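Engineer:
See below:
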């Protein structure tokens, strides 16, 4: 029986500046081998908070690319983990997870209590959804992630997971 390979990211909260803060690993169960294919040791990591900027979080795949989110940046890698491009947005902060539906990639933006949508065809952020509470009711407000006047930086609800399917978000 052929055993699968697994791709995993890690977050190392206890590391110090200059040390690895995790990375991307390929786990080959058949060969009983683990290879670190990306070492997340950027000098730009913000050490404030509880693991906020540390580590790589969400992973999604397209036919020709591996998409991996960091706190405030979306990375596009080749299948052999060579960096192709990276994308930033003013409203992407403390991303914890990503989910793909067709050609759209949904990213949590915990710092802005929002979801951002990235179009994989045009390689651009195309819309955002600010989530807030009005009394007992939850409210979703659409915003343009490429314009001023979006949601405030608040992190009131710690939105750290997103799942997208035919049934909705």
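Numbering (the numbering used here), first residue to last: 4 to 172. Don't be surprised by glycine CBs; every beta carbon is placed ideally from N, CA and C. Everything numeric in this text was worked out from a predicted model, so none of it was measured.
Closest to residue 156 by CA distance: which of 170, 65, 112 is it?
Structural biologist: The residue you call residue 156 lines up with position 153 of the chain shown. The option with the nearest alpha carbon to residue 156 is 112.
Engineer: Report all residues from its chain with a CB closer than 7 angstroms to the CB of residue 11; omit the five preceding and five following residues, and keep chain order.
Structural biologist: Your numbering for residue 11 matches position 8 in the chain shown. The answer, listed in chain order, is 28, 30.
Engineer: Given a threshold of 16 other Cβ atoms within 10 Å of its Cβ, counted over all protein chains shown, does residue 92 qualify as buried or as exposed?
Structural biologist: Here residue 92 refers to the residue found at position 89 when the chain shown is read from its first residue. Classification of residue 92: buried, given that the 10 Å Cβ count is 16 or more.
Engineer: Give the straight-line distance between the Cα atoms of residue 86 and residue 138, rounded to the nearest whole angstrom.
Structural biologist: Here residue 86 is taken as the residue at index 83 of the chain shown, counted from 1. Here residue 138 is taken as the residue at index 135 of the chain shown, counted from 1. Their backbone Cα atoms lie some 45 angstroms apart in a straight line.
Engineer: Just mark residue 99 as buried or exposed, buried being the case when its beta carbon has 16 or more other beta carbons within 10 Å.
Structural biologist: Against the chain shown, residue 99 aligns to sequence position 96. Buried.
Engineer: Near residue 103, which residues of its chain fall below 6 angstroms by C-beta distance, leaving aside the five closest residues on each side in sequence?
Structural biologist: To locate residue 103, count along the chain shown from 1; it is residue 100. For residue 103, where only same-chain residues beyond five positions count, the Cβ hits under 6 angstroms are 63.
Engineer: What would DSSP say about residue 133, mapped onto helix, strand or coil?
Structural biologist: Sequence index remark: in the chain shown, residue 133 carries index 130 (1-based). Strand.
Engineer: Buried or exposed for residue 171, going by 16 or more other Cβ atoms inside 10 Å?
Structural biologist: The sequence position of residue 171 within the chain shown is 168, counting from 1. With fewer than 16 Cβ atoms within 10 Å of its Cβ, residue 171 is classed as exposed.
Engineer: Going by DSSP, which residues form a beta bridge with residue 144?
Structural biologist: The count along the chain shown starts at 1 and reaches residue 144 at position 141. Looking at the DSSP assignment, residue 144 forms a beta bridge with 133.
Engineer: With DSSP run on the structure shown, which of helix, strand or coil describes residue 80?
Structural biologist: For the purposes of this step, residue 80 is taken as the residue at position 77 of the chain shown. Residue 80: strand per DSSP, three-state reduction.
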